[in-house]
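As structure tokens, the structure follows; a few thoughts come after it.
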Amino acid sequence: MPRVGIYLPIAEMSVNVFVLLAMGGAVGFLSGMFGVGGGFLITPLLIFYNIPPAIAVATGANQVIASSFSGALAHFKRKSLDLKLGTVLLAGGIVGASLGVSVFAYLRRLGQLDLIVSLLYVAFLGVVGGLMLMESVRAIRRSRGGQTVTLRKPGQHNWIHRLPLKMRFRASKLFVSVIPVLALGAFIGFLASIMGVGGGFIMVPALIYLLKVPTNVVIGTSLFQIIFVAAFTTIIHSTANQTVDVVLAFLLMVGGVAGAQYGARVGQKLRGEQLRALLALLVLAVALRLGFDLFVRPESVYSLSMGGV
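If you're matching positions, the sequence shown starts at 8 in the working numbering and goes up one per residue.
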């Protein structure tokens, strides 16, 4: 890869432009394909590239917004986005994010923020990825055996569908209570503010398996909600910590927007069970990598940092 250096004013370091563009493009491609914001990927990648963690979290969220917007726009053009469902999820997400910011500040004062975030990543990614992989493998086997693969059978209902305050979401062909939709949005918003992610890696399987939303609609709807929740949490964290590097954010956005468009095209060509299997493998890979770091002895047992950094 050619070496073209550029100075990052907030991170106070020089980096390779093409490396950052490649990072943004790769995460954007996955965003458009799977309907995840990519925050759980871009933040570790930036840290591995020696970007300071505080700047990686705050600035990486900007790339999540850009790639999510690009992917959501592509799905909107294909009419595979439920705006009504996304808006209800967003309402819950704003409430959850507001609460999460307070918890984030409390954990930071206790000095346990890094450990809690790492444990949350490993736990959620491991559980969600494992369950998705098992289900998708069973679906692929049934498909190869000539059986029809469907996540929602006619007349099939669970306890969620018996809750009151029901609302009809025509694009998703869904008639369900707004209570679980708001709760899911709030939970995703809470995680977004704590972990610095869009929350798509939980949003996508939750919509598919709990609310029985069709896979092709889930991806665009998830990206729509991620745009505004990530923007809300980014503004709050950036004003409090002043750790957003504009130059770094711009490079990641350029790569992310281009990658998301191609990812959305590829995602339309794959069957639902194939998309779920690939996303599950990706989620598990990140969980294993983060879990490995928790148990491996660091190169430097002690480190020095300035107060508040």
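Just so you know, even glycine gets a beta-carbon here, dropped at the ideal spot from N, CA and C. Just so you know, these numbers come straight off a predicted model, no measurement behind them.
So the alpha helix (DSSP H) I58 belongs to, where does it begin and stop?
Indexing the sequence shown from 1 puts residue 58 at position 51. In the DSSP assignment, I58 falls outside any alpha helix (DSSP H) and carries neither an H nor an E.
Considering Cα atoms alone, identify which of T66, P212 and L297 is closest to V253.
Position 246 of the sequence shown, counted from the first residue, corresponds to residue 253. V253 has its Cα closest to that of T66, out of T66, P212 and L297.
Could you check whether G262 and G32 sit closer than 7 Å to each other, using their CB atoms as the reference points?
Locating residue 32 in the sequence shown gives position 25, counting from the first residue. Locating residue 262 in the sequence shown gives position 255, counting from the first residue. Yes, they are a contact pair.
What is the rounded straight-line gap between the Cα of K276 and the Cα of I243?
In the sequence shown, residue 276 corresponds to position 269, counting from 1. In the sequence shown, residue 243 corresponds to position 236, counting from 1. Their Cα atoms are separated by approximately 38 Å.
Is the beta carbon of Q28 sitting closer than 7 Å to the one on T228?
Residue 28 sits at position 21 when you count from the first residue of the sequence shown. Residue 228 sits at position 221 when you count from the first residue of the sequence shown. Checking the displayed sequence, the identity of residue 28 turns out to be Leu instead of Gln. No; because the gap between Cβ atoms is not below 7 Å, this pair is not in contact.
Among R116, M260 and F239, nearest to A199 - alpha-carbon criterion
Position 192 of the sequence shown holds residue 199. Checked all of R116, M260 and F239; the closest Cα to A199 is F239.
Element boundaries [alpha helix (DSSP H), containing L92]
Locating residue 92 in the sequence shown gives position 85, counting from the first residue. L92 -> alpha helix (DSSP H) spans L90 to L117.
Own chain, CB closer than 8 Å to I123, minus 5 neighbours either side, in chain order
Locating residue 123 in the sequence shown gives position 116, where the first residue counts as 1. Once the five neighbours on either side are set aside, the close Cβ partners of I123 are L114 and I201.
Thinking C-beta only, is G100 closer than 7 Å to I318?
An answer regarding residue 318 cannot be provided, because it is not within the stretch 8 to 316 covered by the chain.
Whole-number beta carbon distance between P221 and S184, since they are thought to touch under 8 Å
The sequence position of residue 184 within the sequence shown is 177, counting from 1. The sequence position of residue 221 within the sequence shown is 214, counting from 1. S184 to P221, Cβ: 19 Å. No contact.
Mind checking which residues open and close the alpha helix (DSSP H) that includes S200?
Start at 1 with the first residue of the sequence shown, and residue 200 comes out as number 193. Unbroken alpha helix (DSSP H) run through S200: V185 to M202.
Using the C-alpha atoms, what's the distance from V71 back to A247?
For this step, residue 247 is matched to residue 240 along the sequence shown. For this step, residue 71 is matched to residue 64 along the sequence shown. If you take the alpha carbons of A247 and V71, they lie about 20 Å apart.
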